[in-house]
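Peer 1: Please see the structure below; I have some questions.
Residue numbers (full-length UniProt numbering): 1 to 344.
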């Protein structure tokens, strides 16, 4: 059955007139070829036809194919399931049929969030007696595009880091300009022959990279028990060529409580006021016995004030991954889930 005939059949029933009208409107918005009936697997009755649906509930089903707004060459397929009680007392259900968005396999998190479009606080509010499929589809488009762009950013970050590492492995000449103007950083570079081993009781967590206009920001954090551990950790990080050759390798701040005395310090590492901003972050979060370090690789495009936002976000992501925010949240009666990243 063609969609046009299907809609005409729905129009004959007063209970389904609003559903038919909504499909007609969606066609006018997205185009005649964007919507078609959903057919179940071979051997099952054809879904989408009243009283002959493959679902026991008699839901009407149709598929919608849409292109991502900012990536028109990338399309997604969405299954719309309309229960018999829609729109009177039940919302529709949306399901992502696409297994891939571009080159990236769809994960369970995105799949599940789309299923919960009309029952989640982050989805679309549904009001009885009102049609809402269009709002749901637009919400799904926005989430899929955000998910796809996040995947692209992470892939770009990985490629840039791999390219940077490859260049360093094949180019032996030193750069024409100093990598950073900070006295602490310069001192660390001059002391490469010193012991760069990380103490066994110190574990560094590394958050996911943040990428903006080819600049990369990576936050790292570790727990410390004495101020003397700070240079050991920084030396260890600077011993990695990939980090040491960054524009600003070790922007950092730390706080350490020893007895009744609170020791603290920070280093901009050539990025004016960046260290003091990290110190302020630790202060307002009231986190002690921690060292947070942010590495920035410059992508050739000046970011202006945005760079400080990314430095703070990278630091906070590392603190969250390391569980340092949990102690603050627990004292307020709440908890947080650790972010994504890796541990050394």
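Glycine residues also receive a C-beta, built at the ideal position from the N, C-alpha and C atoms.
What are the uninterrupted segments assigned as alpha helix (DSSP H) that are 4 or more residues long and contained completely in the segment 269 to 309, given in chain order?
Peer 2: Runs of the alpha helix (DSSP H) inside the segment 269 to 309: 274 to 285.
Peer 1: Spatial neighbours of residue 133 within its chain, please: CB distance less than 7 Å, with the 5 preceding and 5 following residues excluded, ordered by chain position.
Peer 2: Excluding residues within five positions, the ones whose Cβ falls inside 7 Å are 22, 26, 80, 92.
Peer 1: If I follow the unbroken alpha helix (DSSP H) through residue 212, where does it start and stop?
Peer 2: Not the alpha helix (DSSP H): residue 212 falls in the beta strand (DSSP E), residues 210 to 212.
Peer 1: What span of residues does the alpha helix (DSSP H) with residue 87 cover, start to end?
Peer 2: Run containing residue 87: none; DSSP gives neither H nor E here.
Peer 1: Our contact map puts residue 269 next to residue 251 with C-beta atoms below 8 Å; I'd like the distance itself, whole angstroms only.
Peer 2: Yes, they are in contact, since the Cβ atoms of residue 269 and residue 251 sit about 5 Å apart, within 8 Å.
Peer 1: Specify, as a first and last residue, the run of the beta strand (DSSP E) that residue 118 falls within.
Peer 2: Element bounds for residue 118: n/a, residue is neither H nor E.
Peer 1: If I measure Cβ to Cβ from residue 314 and keep anything under 7 Å in the same chain, skipping five residues before and after, which residues do I get?
Peer 2: Excluding positions up to five away in sequence, the list reads 207, 210, 217, 218, 219, 294.
Peer 1: If contacts are defined as beta-carbon pairs under 8 Å, then residue 291 and residue 230 qualify, I think. What distance do you get, rounded to the angstrom?
Peer 2: Sure, about 6 Å apart at Cβ, within 8 Å.
Peer 1: Taking C-alpha atoms, which residue in 197, 244, 245 lies nearest to residue 233?
Peer 2: The shortest C-alpha separation from residue 233 is found at 197.
Peer 1: Using 8 Å as the cut-off, can you tell me whether the segment 253 to 261 makes contact with the segment 237 to 244, which would need three or more C-beta pairs spanning the two stretches below that distance?
Peer 2: No, the segment 253 to 261 does not touch the segment 237 to 244.
Peer 1: From the DSSP output, read off the bridge partner residues of residue 81.
Peer 2: Beta-bridge pairing links residue 81 to 61, 93.
Peer 1: At what residues does the beta strand (DSSP E) containing residue 15 begin and finish?
Peer 2: Looking at the DSSP string, residue 15 is not in any beta strand (DSSP E), and its letter there is neither H nor E.
Peer 1: To the nearest angstrom, report how far apart residue 56 and residue 83 are at their CA atoms.
Peer 2: Since pLDDT at residue 56 reaches only 47, below the 50 mark, its modelled position is unreliable, and the value read off the structure follows with that caveat. Their Cα atoms are separated by approximately 10 Å.
Peer 1: Taking the DSSP output, what are the residues bridged to residue 105?
Peer 2: Paired residue(s): 100.
Peer 1: Any idea which residues DSSP pairs residue 264 with across the strands?
Peer 2: 255.
Peer 1: For residue 141, collect the residues of the same chain with a Cβ closer than 8 Å to its Cβ; drop the 5 residues on either side in sequence, then sort them by chain order.
Peer 2: 66, 68, 69, 76.
Peer 1: Got a sec, what are the start and stop residues for the beta strand (DSSP E) residue 37 sits in?
Peer 2: Here the beta strand (DSSP E) through residue 37 covers 35 to 37.
Peer 1: Whose C-beta lies closer than 8 Å to the C-beta of residue 222 among residues of the same chain, with five residues either side of it excluded?
Peer 2: These residues qualify, in order along the chain: 202, 203, 204, 205, 233, 290, 291, 322.
Peer 1: Helix, strand or coil, according to DSSP, for residue 220 in the structure here?
Peer 2: Three-state DSSP puts residue 220 in a strand.
Peer 1: Enumerate in chain order the residues of its own chain whose CB-to-CB distance from residue 271 is below 6 Å, with the five nearest sequence positions on each side excluded.
Peer 2: Cβ within range, chain order: 248, 251.
Peer 1: Go ahead and pull the three-state DSSP assignment for residue 320.
Peer 2: If DSSP states are grouped into helix, strand and coil, residue 320 belongs with the helices.
Peer 1: Rounded to the nearest angstrom, what separates residue 34 and residue 78 at their Cα positions?
Peer 2: Near 10 Å, if we compare the C-alpha coordinates of residue 78 and residue 34.
Peer 1: Give the DSSP-derived three-state secondary structure of residue 125 in the structure shown.
Peer 2: Coil.
Peer 1: Per DSSP, residue 76 forms a beta bridge with which residues?
Peer 2: Paired residue(s): 66.
Peer 1: Does residue 200 pass the burial test, meaning 16 or more other C-beta atoms within 10 Å, or should it be called exposed?
Peer 2: When all chains shown are included, residue 200 counts as exposed.
Peer 1: What is the rounded straight-line gap between the Cα of residue 95 and the Cα of residue 15?
Peer 2: Cα-Cα distance, rounded: 24 Å.
Peer 1: Who does residue 28 pair with in a DSSP beta bridge?
Peer 2: In the DSSP output, where bridge partners are listed per residue, residue 28 has none listed.
Peer 1: What separation, rounded to the nearest whole angstrom, lies between the Cα atoms of residue 297 and residue 111?
Peer 2: Distance between the alpha carbons of residue 297 and residue 111 is about 34 Å.
Peer 1: May I have the straight-line CA-CA distance separating residue 310 from residue 240, to the nearest angstrom?
Peer 2: Taking the straight line joining both Cα atoms gives about 22 Å.
Peer 1: Since residue 351 and residue 147 should fall inside the 8 Å C-beta cutoff, what is the C-beta to C-beta distance between them, to a whole number of angstroms?
Peer 2: The structure shown does not extend to residue 351, since the chain is modelled only from 1 through 344, so no value can be given for it.
Peer 1: Report yes if the C-beta distance between residue 303 and residue 213 is below 8 Å; otherwise report no.
Peer 2: Result yes, Cβ atoms of residue 303 and residue 213 sit closer than 8 Å.
Peer 1: Can you tell me the Cα-Cα spacing of residue 279 and residue 215, whole angstroms?
Peer 2: Distance between the alpha carbons of residue 279 and residue 215 is about 22 Å.
Peer 1: When DSSP builds the beta bridges, which residues end up paired with residue 215?
Peer 2: 212, per the DSSP bridge assignment.
Peer 1: Excluding the 5 residues flanking residue 136 on each side, which residues of the same chain have their C-beta closer than 7 Å to its C-beta?
Peer 2: Cβ neighbours of residue 136 beyond the five flanking positions: 92, 94, 117, 118, 124.
Peer 1: Tell me, please, which residues DSSP counts as bridged to residue 248.
Peer 2: Answer is 296.
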